[in-house]
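Numbering (the working numbering), first residue to last: 1 to 318.
These notes concern the structure reproduced below.
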Amino acid sequence: MKQFLIILTTLFLTSCYQEIDLDKYRNEEGENIVTLNAIINPDSVVQAYATRTYFYTDGHSKPKYIDSLNIELWINDKFIQTMTFDDSIYESKSYPKAGDRVHLRTKFLNQEITATNIIPKQVEIESIEATLEGPIHIFWEDDMVYTYYITFTDDPNEENYYFLRFIEPYFSRPIDGLNFDGEYVFQQLKQQINDIMPGYELNPYRGLPFSDTGINGNTHTLIVKEIDQEGASRYGKKPYPNEKPIKIQLFAISKDYYYYLVDVARVQGDSGISSGLIDIGAAEPIKIFSNIDGGVGIMGAYNLSEKCVDIIQIMEIK
């Protein structure tokens with residue numbers, strides 16, 4: 001019986017490797033779809049990137065920018081200007097404000113392409129607190145655990161969407177070793193993705209989106225842990241550095257941008273069952289959310305609140 005099972009398994013694995021001719025799926029319609037991407041915020045003039053799509057199996061070392069578009073910028077239904085192209089980007093001279101309805105409009109090969117989004121209101125980080133625990137055995141015998149408490153108040157009058165990110169200020173890079181699993185809003189995110197993609201695990205390295213589901217209108221404290229592997233060994237008798245500056249960023253984001261970022265999180269963070277199924281062709285590849293009418297891509301909007309603190313100065317040692 002064991003030999004029979006091995007033979008069947010070998011046959012199944014062999015059948016997975018077949019040459020598939022995808023050229024028949026090429027068509028002019030797909031080649032002429034414009035990818036338009038614009039992430040708007042009050043701290044920058046309105047900008048947009050326009051590129052051509054490419055066939056999935058073709059090699060591509062860099063985007064194919066389209067420099068011939070007349071992209072009109074409208075704010076609150078008022079025409080502002082035709083954006084100018086410079087190197088790889090279309091740029092305006094206008095800074096949108098919170099609450100502004102920003103609309104982009106253009107044509108490519110007689111196909112009208114439009115995108116609209118509204119700049120959300122800023123949501124302040126009200127306070128940051130931290131605790132330190134360890135040495136404790138998580139990965140190693142002498143790991144140290146920082147726990148961050150970030151408090152903000154959600155607006156009860158509307159659905160709200162956010163993105164949380166931690167940055168090392170000295171190097172302007174994301175912080176490694178973060179764990180978002182124990183926080184309620186990210187449990188909701190994980191469940192949302194698991195309903196579609198069982199086995200998904202959160203990957204918070206570059207930050208994660210979340211909604212106000214379950215916390216609507218409340219003052220809420222986000223609880224996030226950072227595991228400093230072998231921290232106690234690295235710092236000796238004093239198991240923490242003399243200073244630990246950290247920048248915490250809370251983005252209020254538009255609903256469309258949230259849907260887009262959730263799809264990106266699925267692509268970047270999944271290590272579960274569905275990932276393997278996609279690899280062998282037994283499940284549909286993930287489709288990334290788009291709100292570009294007449295094309296593909298994303299027009300997202302955000303408003304940033306951030307605080308930079310030295311955790312060593314504010315933390316409580318357990």
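By construction, the Cβ of each residue, glycine as well, lies at the ideal position given by its N, Cα and C atoms.
Computed from a predicted structure; not experimentally measured.
Is the separation between the beta-carbon of residue i and that of residue j shorter than 8 Å?
i	j	result
T35	I71	no
A50	M299	no
V46	S88	no
A115	I292	yes
V32	N303	Per the sequence shown, the amino acid found at residue 32 is Asn instead of Val. No, these two residues do not count as a Cβ contact at 8 Å.
Y161	I253	yes
G217	P156	yes
Near residue i, what residues of its chain come up, given a Cβ to Cβ distance below 7 Å and the 5 sequence neighbours on each side ignored?
i	result
T131	T147, M315, E316, K318
F166	P174, I175, L178, I246, I248
G297	T35, L36, N37, S290
T14	Below a pLDDT of 50, predicted positions are generally treated as unreliable, and T14, at 40, falls in that range; no measurement from the model is reported.
Can you grab the Cα-Cα spacing for the pair residue i / residue j, in whole Å?
i	j	result
P63	I215	40 Å
I138	M144	9 Å
K255	R234	43 Å
Y56	S127	For Y56, the predicted model reports a pLDDT of 47, less than 50, meaning its position is unreliable and no value from the coordinates is stated.
D154	I75	26 Å
V102	D77	8 Å
N203	Y149	19 Å
F186	F180	6 Å
I198	D86	Here residue 198 turns out to be Pro, not Ile, going by the sequence shown. Going from the Cα of P198 to the Cα of D86 covers about 44 Å.
T221	K244	21 Å
K190	E168	25 Å
V123	S172	22 Å
Can you give me the Cβ contacts of residue i inside the same chain, cut-off strictly under 8 Å, excluding the 5 residues immediately before and after it?
i	result
Q188	F210, S211, T213, G214
E306	I125, K247, I248, Q249, L250
G99	I118, I119, K121
Y90	Q47, A48, Y49, A50, L69, I71, M83, T84
S44	Y95
For residue i, does the count of other Cβ atoms within 10 angstroms reach 16, so buried, or fall short, so exposed?
i	result
L261	buried
P96	buried
E159	exposed
L104	buried
T290	Looking at the sequence provided, one finds Ser at residue 290 rather than Thr. S290 is buried by the Cβ-count criterion.
I207	With the sequence shown as reference, residue 207 is identified as Gly, and Ile is not the correct amino acid for it. G207 should be labelled buried.
I196	exposed
P239	buried
Y170	exposed
G236	exposed
I311	buried
F108	buried
Can you give me the Cβ contacts of residue i inside the same chain, cut-off strictly under 6 Å, excluding the 5 residues immediately before and after it?
i	result
I193	Y200, R266
K287	none
G294	Q111, E112, I113
D263	I288, F289
D228	M144
Y65	T51, S88
S275	With a pLDDT of 43 at S275, under the threshold of 50, the predicted position of this residue should be treated as unreliable, and no value is reported.
I80	L73, S94
Examine the ligand FMN and report whether any of its heavy atoms sits within less than 7 Å of the Cβ of residue i.
i	result
D263	This structure lacks the ligand FMN; in fact it carries no ligand of any kind.
Tell me, please, whether the CB atom of residue i is closer than 8 Å to any CB atom in chain E?
i	result
E112	Among the chains in the structure shown there is no chain E, since it carries only a single protein chain.
Restricting to Cα atoms, I'd like to know which of the options is closest to residue i.
i	options	result
V309	N218, Y257, P135, E129	E129
P241	Q313, T53, S94	Q313
E226	G182, T153, P156, N157	G182
A232	I150, E141, F163, D67	E141
T151	K78, V102, T219	T219
Y258	G217, K237, A301	A301
D67	F79, R52, K78	R52
Y205	F79, K244, L164, I80	L164
E230	Q191, D86, E133	E133
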